[in-house]
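First up is the structure itself, then whatever we jot down about it.
Residue numbers (the working numbering): 157 to 519.
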């Protein structure tokens, strides 16, 4: 399909909110043993659980390497489409396309330049060349025209939009040295405006404590509906996360969205700190150029890293007392959707969670 030289804004396209209707969901199959323990077998089961949960509400496609194709096809439910799709790792939220649509319902994809969360500055693995082709390939499979942002690096998990002109992100990520160091904040905002048709960027300060993505917004704050957001929260003033969340709360309470609305903030409590065990760390292959997994490392666990599907919220749980609290908060925030929790420690061990491994394709 055609790669376009224009921009979505010029062509009348915008990025819908995740809560708007989907045609389906994309996922990539995990396999690399230097990120996923025990040859990725535990992670693969977690991905199957997520795919099955979403597939009860909307179509799911899983992209798989040639080497893992038969294994994935055997493990996944029959109602999940499996396609061969080379990749370096399984974070389709970040390397896959950000879909945009116009008033007539035509859908196109944005193919952001991808550099593994920081390139040679502080990226998480090398190489990332296959990942950087994923967005284009998904657009080809879906016969969707695409826009390539050559020279502009972005991951889908670093942004959230309300579909009505407002974009949420963090300074920690979009202003990091490993993304677009040659651009000013204003130039970054203008690029986002041209590609997503947004009118206002709300800059939170930092993301979840020790998040290796340089603080992706999708792990700390997300849009429930225009004018309403969920914010990861802790009441523990001794936790480093407290100051981060409190600062972001202050920013949200002292700004308005693109339509001039005050922003309602719903606090979503965090699980207690989750640390990598010796057994978990020992199951990961040590490879030069890949961020190691070490015993005692604190993981960036957050209930905010959920996926909004058609009629459902697919949310992580961690065998933590706050699992039930999070489910209740989500049920109240999304009264028209069913909350489905999936045990997600194995995904978290890889560096992300349910939102990070999914990408919505608008209806």
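Note that beta-carbon positions come from the ideal geometry of N, C-alpha and C, so glycine has one too.
Cβ-based neighbour list, residue i, same chain, cut-off 7 Å, excluding 5 preceding and 5 following
| i | result |
| --- | --- |
| residue 519 | 177, 178 and 179 |
| residue 214 | 178, 180, 181, 465 and 466 |
| residue 521 | Since the displayed the chain opens at 157 and closes at 519, residue 521 lies outside it and no answer follows. |
| residue 320 | 382, 414 and 415 |
| residue 487 | 495 |
| residue 437 | 449, 450 and 451 |
| residue 173 | 317, 318, 319 and 379 |
| residue 293 | 241 |
Member of the options whose CA lies at the smallest distance from the CA of residue i
| i | options | result |
| --- | --- | --- |
| residue 511 | 158, 258, 298 and 184 | 184 |
| residue 238 | 196, 204, 244 and 467 | 204 |
| residue 447 | 362, 157, 254 and 280 | 280 |
| residue 163 | 301, 208, 187 and 288 | 301 |
| residue 314 | 398, 410, 375 and 432 | 375 |
| residue 197 | 269, 492, 222 and 439 | 439 |
| residue 419 | 349, 435, 247 and 318 | 318 |
| residue 505 | 456, 347, 242 and 158 | 456 |
| residue 159 | 363, 299 and 417 | 299 |
| residue 305 | 161, 473 and 454 | 161 |
| residue 395 | 427, 410, 411 and 165 | 427 |
Whole-angstrom C-beta distance between residue j and residue i, which should lie under 8 Å
| i | j | result |
| --- | --- | --- |
| residue 210 | residue 463 | 7 Å |
| residue 380 | residue 490 | 7 Å |
| residue 404 | residue 377 | 7 Å |
| residue 251 | residue 291 | 7 Å |
| residue 169 | residue 257 | 6 Å |
Residue i, DSSP secondary structure in three states
| i | result |
| --- | --- |
| residue 210 | helix |
| residue 256 | strand |
| residue 357 | strand |
| residue 483 | helix |
| residue 411 | coil |
| residue 449 | coil |
| residue 341 | helix |
| residue 277 | helix |
| residue 158 | coil |
| residue 459 | coil |
| residue 286 | coil |
| residue 335 | coil |
| residue 169 | coil |
Same chain, Cβ closer than 6 Å to residue i, five either side skipped, listed in chain order
| i | result |
| --- | --- |
| residue 370 | 328, 329 and 332 |
Counterpart residues of residue i in DSSP-defined beta bridges
| i | result |
| --- | --- |
| residue 267 | 304 |
| residue 420 | 384 |
| residue 467 | Per DSSP, none; premise fails for residue 467. |
| residue 240 | 220 |
| residue 438 | Note: residue 438 sits in no beta bridge, so no partner. |
| residue 309 | 269 |
| residue 180 | 517 |
| residue 324 | 316 and 358 |
| residue 431 | 454 |
| residue 329 | According to DSSP, which records beta bridges pairwise, residue 329 is partnered with nothing at all. |
Same chain, Cβ closer than 8 Å to residue i, five either side skipped, listed in chain order
| i | result |
| --- | --- |
| residue 201 | 231 and 502 |
| residue 278 | 332, 333, 334 and 370 |
| residue 224 | 185 and 187 |
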